[in-house]
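To start, the structure under review is shown below, and the notes come after it.
In the working numbering, the protein residues as written are 1240 to 1444.
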């Protein structure tokens, strides 16, 4: 495989061993868990990895399932060659990544959450700020709720204040990834209520 640096997409984060045969509990970072049936070949790498494929660990997904109970919203992954607790512990903490060109294809009116960073959010043509991160509502144990809660856009205003904006379909008027623009109609007062003064943020640090 060529070492031309690809752009990577993180599809899961390995948390810890789950079982005695090398299974790993992972945080699911894709809306398409079925991808693990259709795309067996993945790579394992530290968080923030941006290197060549040869610098990551290539892995084959042998099986997966979605747990229920306290780990609902996560995924359990089995990899070829990782068949013991010790082997699973050695890769816990790594990200499961795939080249960007291997992402699942979306419907025309959908976008990847990972592409929202860097977009400017507009509320009725007024610039709120730039998306710096995306947060997800979680259950008490930290399992991500992928279905029943809208993600929160962490938006940095021009004065440095942080504004949390619900990325809910009811508020979205249009998205242009090419123009790095998200047009929304937010409930009156929401931006002010969800705004954290930059001075408070500085004091926390």
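Cβ atoms here follow ideal geometry from the backbone N, Cα and C, with glycine treated the same way.
Out of 1296, 1314, 1313 and 1340, which one is the CA nearest neighbour of residue 1320? Measuring from the Cα of residue 1320, the nearest candidate turns out to be 1296.
Option in 1304, 1341 and 1369 with minimal Cα separation from residue 1273: 1304
So, helix, strand or coil for residue 1382, using DSSP? Confidence at residue 1382 is low in this model, with a pLDDT of 46, below 50, so its placement is unreliable and the value that follows should be read with caution. It is coil, neither helix nor strand.
Mark residue 1426 as exposed unless 16 or more other C-beta atoms lie within 10 angstroms of its C-beta, in which case mark it buried. exposed
Secondary structure of residue 1196, DSSP reduced to three states: Residue 1196 is absent from the model: the chain starts at 1240 and stops at 1444.
Count the CB pairs spanning the region 1390-1407 and the region 1354-1374 that are closer than 8 Å, and state whether there are at least three. The answer is yes - the region 1354-1374 touches the region 1390-1407, with three or more Cβ pairs under 8 Å.
Return the bridge partner residues of residue 1390 from the DSSP annotation. Answer is none; residue 1390 lacks a bridge partner.
Nearest CA to the CA of residue 1311: which residue from 1267, 1327 and 1359? 1267
Assuming residue 1282 contacts residue 1337 under a Cβ cut-off of 8 Å, what Cβ separation, rounded to an integer in Å, is found between them? 7 Å
Residue 1436 versus residue 1374 - alpha carbon distance: 19 Å
Identify, in the order they occur along the chain, each residue of the same chain with its Cβ nearer than 7 Å to the Cβ of residue 1407, setting aside the five sequence neighbours on each side. 1389
Taking buried to mean at least 16 other C-beta atoms within 10 Å of its own C-beta, is residue 1317 buried or exposed? So residue 1317 ends up on the buried side.
Along the chain, where does the alpha helix (DSSP H) that runs through residue 1274 open and close? 1274-1277
Would you kindly work out how many angstroms separate the C-alpha atoms of residue 1306 and residue 1265, rounded to a whole number? Their Cα atoms are separated by approximately 10 Å.
Going by DSSP, name the residue or residues bridged to residue 1415. 1420
May I ask which residues mark the beginning and end of the alpha helix (DSSP H) holding residue 1431? DSSP places residue 1431 in the uninterrupted alpha helix (DSSP H) bounded by 1429-1432.
Tell me whether the beta-carbon of residue 1410 lies closer than 8 Å to the beta-carbon of residue 1401. No, these two residues do not count as a Cβ contact at 8 Å.
Contained beta strand (DSSP E) runs [length at least 3] in the region 1267-1336, N- to C-terminal order: 1280-1284, 1296-1304 and 1313-1318
Can you tell me whether residue 1382 is buried or exposed, with buried defined as 16 or more other CB within 10 angstroms of its CB? Here the model assigns residue 1382 a pLDDT of 46, short of 50, so the residue's position is not dependable, and the following value carries that caveat. Result: buried.
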